[in-house]
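Numbering (this note's numbering), first residue to last: 83 to 1223.
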């Protein structure tokens, strides 16, 4: 990059102008051509400005006049003159890139102007061709309705052929389906008939084997039942023994618990008495200590009282003397009173002790009597319950015996009912099948007879079997040998066809016809037969001789044998014959044997007397009887099930009764033992009570003694009362003399005496109680010892019983295991027997069904054979009709239709062949309706098909004019699109450059101002070329402003940001900047200088500057100065910068 910059002060706009410059002013030109700018962020050290500037060649040719200021043609067009606002600031001698873009986009503008005449010419041409096209179109449209009618007619006619083709294909397909299905069904029915006959024979063998196996299993079940009964009896006995042991164990446990309860009571009472004894002893010791303390206190208080009295001796001497005299008199009485009181206490304690013993014994006797009464009542209840259980058991045994007998009888009756029901069901099925066949025959016959009576057919004679007679003896034989007896006899083919059409139209069923005219001439004369066995044909008497060939055509030389032995001897001779037995067995000439079973064919022909048939009423009666039998059978089954359930409940109840009886018997025995023991214990207590009767006298004696002692005590009290009262009066006088002090001290002494008396009384009472407790402890100890011995005895007995119980359990377990095995074996055998019985019943039912189904299968075979013939005829008819269908050839009339798909709608000569799935999807009723509608439309329509030829000529001219018009329109649209594409390209290129410049402007301004913002905006965003561009700036920490409202420095920075943005988008080879840093501070000068040095290496910058921050960054400088009033220049090289770099 070459960037020389020249700076000078106060000179004009031209670098080489000759102006006066002061000598001390110097101009410097910076040149940094092909220099490498310092790294970003690095600030070169400042040095002396001139010391490092070395002069270079002064005659440097800058080639200023050779620079071509023209941007590339791809530059976008500027918006408006507002892009470069006018302001007073440094000038930039540069052709604006935006202006250059406008010059470059002039090529689009000139192309737009050149296209306008062409567009007008093409539009006029299009209008002329459109007028011509309209005239032709009107002529074509006038034939449109006739053309549509003709096309609609052709379309309907073609659709009619197609629908008829579809209809015939549908009917052929359905007839084929019917033919194949019926042929398959015929083969299946024939195979089924043979299979059923074979299956029936196999079932008979299986039934015999099943019956044998079933009887064997029944015998095994009976043997197992006997063994199970033995084990059940042993189990019942074991149950009773086990229950007895359990009850004995339970009784011993109860006794042990009672003894333990009494023992615990005795122990508790013993502990309580012991505790009370210890407590009372402790209390007496405490009372003795208290008594000693009270006595000591009494001595002390009496000494005090004596001192007080001593002080009052003079005043109370006379009173004390008298008191002493009276106390001396009272002393014997006091001693006697205390003695009596002690005797009374002892006597009362003895009385109380005797009463307690007597009361306790009475209570025990009362409780024992109550227990005995309870035991007696329990024994009576147990006896009654035992008797009730015995009665129930006897009743159950009787009921079980009767129930088993009744169940056996019911099972026998149920089997008989089942057999009768099966037989009746078979007869009903046969009757219903026979009636159904007869109804079908009668319906066909009745319909055809009515047709003949109406005169619409001639030569119909009726059913073959009704046109002759045979003896009842041969009814089964002829019905078996001749399955064609139900065929209808007519004279001619036409009559037969009329009958078939009538049956099909009226849905009366099916029938086969014998045509008398088509029968060949048979030899009806008698023939020689083996053993002169009669020929079946010879046994028939035709109503008219003309019917004989019909009978012979179906019977031929079939012979009638009495039984199979005779049939075998006749059928397999030198000449083979077809032979039928009287019971319905048939031997064909091929040797195959058929017939037999429970169901035979009969009623095919009438006898001379009557016809063998079944009526609807008889069938209804049989069905009603069958329903009644089935209901009765179901009721009988349910009843038998209920009987078996009740019998099972009774049998299950018997072991329960035995167990309950065993328990009750043991309870009775235990109650008896307990009653005996209780009575013995009661007798002992009564004896003991009687022994205590002497104690009652003793109690009375003690009570009398207490009363005597109490009387004596009261007498002594009364006798000593007078002396005591005197002493009290004297003491009161002394108290009055002694005052409060004496009274208080006397009260203390009296109180202590009272406490001593009370304490002595408590000690005496405790001693009495302790004595009673000693007796109780002895009694409790004895009772405890007795109960412990009793419990030990119970434990030993329980151990023995437990051992016996375990032995019973083990024996019972083995017995139960054996019984379970036998029961499982019996259940398995029963299950097998039931399975065999079900299989047997199923086989019997299947045999019945197979036999009853043979007649139906034969009838079905006849029906399907008739359907096969009819389907074959239909296939031939519809195939011929389908082959006769063809389309009208209108290809020469449809030349105006170009699309092959559209042309195929009217002139495709090929009839489509439908797939089976498509045929299956057809709706026959809808298809027939459409065919009828189309046929009606085609037959009634009056359309001139030749109008299509005229329409074709008009259409051809119409398409020619239309193509000519379309070509003109396409040319017009092409020119119009080119103009629009040109405008769009102009706009797209301008907007692309504008967006890039705008974004770069913002980036540059933010970089130069370190935080400001600048923006280019379209005045009219819809049409950028109409109103131009706005340049808005937001200096740092200021609001948005128009560039005309900025300061000089802000304008300079804004302009530089725009120049740098334009340079980045599309660089210009040469820039000349004149004092762009004049209005900038040193920081912004440094930013701009560094940007020029580092970011603009792809252009030549010539900067005129006097700011060292600017020119010190140039590698080469050109200085302008004045010498002798003449302008001089000097070229310098910035060595400092080069060294740093």
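Where a beta carbon is used, it is the ideal one built from N, C-alpha and C, also for glycine.
**Item:** Check whether residue 579 and residue 541 have beta carbons under 7 Å apart
**Value:** Counted from its first residue, the chain shown places residue 579 at position 497. Counted from its first residue, the chain shown places residue 541 at position 459. Against a cut-off of 7 Å, the Cβ pair of residue 541 and residue 579 comes out as no contact.
**Asked** Which stretch, first to last residue, makes up the beta strand (DSSP E) that contains residue 1125?
**Response** Looking up residue 1125 in the chain shown gives position 1043. Looking at the DSSP string, residue 1125 is not in any beta strand (DSSP E), and its letter there is neither H nor E.
**Sheet register partners of residue 444 (DSSP bridge)** = Along the chain shown, one-based indexing puts residue 444 at 362. Looking at the DSSP assignment, residue 444 forms no beta bridge with any residue, so it has no partner.
**Message:** By the three-class DSSP mapping on this structure, what secondary structure does residue 232 have?
**Reply:** As a position in the chain shown, residue 232 is number 150, starting the count at 1. The answer is helix: DSSP assigns residue 232 an H, G or I state.
**Asked** Out of curiosity, what's the CA-to-CA distance linking residue 1064 and residue 1072?
**Response** Taking the chain shown and counting its residues from 1, one reaches residue 1064 at position 982. Taking the chain shown and counting its residues from 1, one reaches residue 1072 at position 990. Between residue 1064 and residue 1072, the C-alpha separation is close to 12 Å.
**Message:** Quick check: is any heavy atom of the ligand HEM less than 6 Å from the C-beta of residue 616?
**Reply:** The ligand HEM is absent from the structure shown, which contains no ligands of any kind.
**Prompt:** Are the stretch 650–657 and the stretch 626–636 in contact at 8 Å, needing three or more beta carbon pairs?
**Reply:** no
**Asked** Does any CB atom of chain C fall closer than 7 Å to the CB of residue 642?
**Response** The structure shown has no chain C; it contains just one protein chain.
**Request:** Answer with buried or exposed for residue 557, where buried requires no fewer than 16 other C-beta atoms within 10 angstroms of its C-beta.
**Result:** Within the chain shown, numbered from 1, the residue matching residue 557 stands at position 475. Counting Cβ neighbours within 10 Å, residue 557 comes out buried, since at least 16 surround it.
**Asked** Between the Cα of residue 528 and the Cα atoms of 1080, 200, 544, which residue gives the shortest distance?
**Response** Translated into positions along the chain shown, residue 528 becomes position 446. Minimum Cα distance to residue 528 is reached at 544.
**Asked** Since residue 471 contacts residue 739 with CB under 8 Å, what's their CB separation in whole angstroms?
**Response** Sequence index remark: in the chain shown, residue 471 carries index 389 (1-based). Sequence index remark: in the chain shown, residue 739 carries index 657 (1-based). Indeed, because the Cβ distance is near 5 Å, the residues count as touching under 8 Å.
**Helix, strand or coil at residue 1199 according to DSSP, with G and I counted as helix** = Locating residue 1199 in the chain shown gives position 1117, counting from the first residue. Note: residue 1199 maps to strand in three-state DSSP.
**Request:** Look up residue 1215 in the DSSP assignment and say whether it is helix, strand or coil.
**Result:** Walking along the chain shown from the start, residue 1215 turns up at place 1133. Residue state, collapsed to three classes: strand.
**Prompt:** Contact between the stretch 1004–1020 and the stretch 245–256: three or more CB pairs below 8 Å?
**Reply:** yes
**Item:** Inter-residue Cα distance where the pair is residue 1067 and residue 1060
**Value:** The residue given as residue 1067 occupies position 985 in the chain shown. The residue given as residue 1060 occupies position 978 in the chain shown. Answer to the nearest angstrom: the Cα atoms are 10 Å apart.
**Message:** At the level of alpha carbons, what is the spacing between residue 214 and residue 1023?
**Reply:** Position 132 of the chain shown, counted from the start, is the residue given in the question as residue 214. Position 941 of the chain shown, counted from the start, is the residue given in the question as residue 1023. If you take the alpha carbons of residue 214 and residue 1023, they lie about 36 Å apart.
**Prompt:** Hey, is the stretch 254–271 in contact with the stretch 944–958, meaning 3+ C-beta pairs nearer than 8 Å?
**Reply:** yes
**Item:** Burial state of residue 385, where buried means 16 or more other Cβ atoms lie within 10 Å
**Value:** Position 303 of the chain shown, counting from 1, holds the residue named residue 385. Result: exposed.
**Message:** For residue 235 and residue 1035, what's the separation of their Cα atoms in angstroms?
**Reply:** Indexing the chain shown from 1 puts residue 235 at position 153. Indexing the chain shown from 1 puts residue 1035 at position 953. Straight-line Cα distance between these residues: approximately 20 Å.
**Three-state secondary structure assigned by DSSP to residue 602** = For the purposes of this step, residue 602 is identified with residue 520 of the chain shown, where counting begins at 1. Residue 602 falls in the coil class under three-state DSSP.
**Straight-line Cα distance separating residue 1175 from residue 1218** = By 1-based counting over the chain shown, the position of residue 1218 is 1136. By 1-based counting over the chain shown, the position of residue 1175 is 1093. Answer to the nearest angstrom: the Cα atoms are 16 Å apart.
**Asked** In terms of DSSP beta bridges, what is residue 617 paired with?
**Response** The count along the chain shown starts at 1 and reaches residue 617 at position 535. DSSP output for residue 617 lists 641 as bridge partner(s).
**Asked** In this structure, does DSSP put residue 1113 in helix, strand or coil?
**Response** Along the chain shown, read from residue 1 onward, the residue named residue 1113 stands at position 1031. Of the three classes helix, strand and coil, the one that applies to residue 1113 here is strand, per DSSP.
**Prompt:** Counting pairs of Cβ atoms below 8 Å between the stretch 757–767 and the stretch 454–463, do you hit three or more?
**Reply:** yes
**Request:** Return the chain-ordered ranges of every alpha helix (DSSP H) run that is complete within the stretch 1012–1091 and spans a minimum of 4 residues.
**Result:** 1029–1091
**Message:** Using a 10 Å radius around the Cβ and a threshold of 16 neighbouring Cβ atoms, would you call residue 1106 buried or exposed?
**Reply:** As a first step, residue 1106 must be located in the chain shown, where it is residue number 1024. Under this definition residue 1106 is a buried residue.
**Item:** Chain-order list of residues whose beta-carbon lies under 7 Å from that of residue 299 (same chain, five-residue window excluded)
**Value:** In the chain shown, the residue the question calls residue 299 occupies position 217. Within the same chain, residue 299 has close Cβ partners 911, 914, 915, 918.
**Reduced DSSP secondary structure (H/G/I, E/B, other) of residue 855** = Numbered from 1 along the chain shown, position 773 holds the residue referred to as residue 855. If DSSP states are grouped into helix, strand and coil, residue 855 belongs with the helices.
**Prompt:** Within 10 angstroms of its Cβ, does residue 582 collect 16 or more other Cβ (buried), or is it exposed?
**Reply:** As a working note, residue 582 is residue 500 in the chain shown. Result: buried.
**Message:** Rounded to whole angstroms, what is the Cα-Cα separation between residue 363 and residue 749?
**Reply:** The sequence position of residue 363 within the chain shown is 281, counting from 1. The sequence position of residue 749 within the chain shown is 667, counting from 1. Cα to Cα, the separation comes out at about 50 Å.
**Prompt:** In whole angstroms, what is the alpha-carbon distance linking residue 744 and residue 489?
**Reply:** For the purposes of this step, residue 744 is taken as the residue at position 662 of the chain shown. For the purposes of this step, residue 489 is taken as the residue at position 407 of the chain shown. Spanning the two alpha carbons is a distance of roughly 31 Å.
**Asked** Bridge partners of residue 1269, per DSSP?
**Response** Outside the modelled stretch of the chain, which goes from 83 to 1223, sits residue 1269, for which no answer is possible.
**Asked** Quick one: what's residue 473 bridged to in DSSP?
**Response** On the chain shown, residue 473 is found 391 positions in, with the first residue counted as 1. Partner(s): none; residue 473 has no beta bridge.
**Asked** Which one or two residues does DSSP pair with residue 571 in a beta bridge?
**Response** Residue 571 sits at position 489 when you count from the first residue of the chain shown. In the DSSP output, where bridge partners are listed per residue, residue 571 has 544, 596.
**Asked** Is it a yes or a no for the stretch 464–479 touching the stretch 727–741, going by three-plus beta-carbon pairs under 8 Å?
**Response** yes
**Asked** Taking C-beta to C-beta, are residue 1183 and residue 1153 nearer than 7 Å?
**Response** As a first step, residue 1183 must be located in the chain shown, where it is residue number 1101. As a first step, residue 1153 must be located in the chain shown, where it is residue number 1071. Taking 7 Å as the Cβ cut-off, residue 1183 and residue 1153 qualify as a contacting pair.
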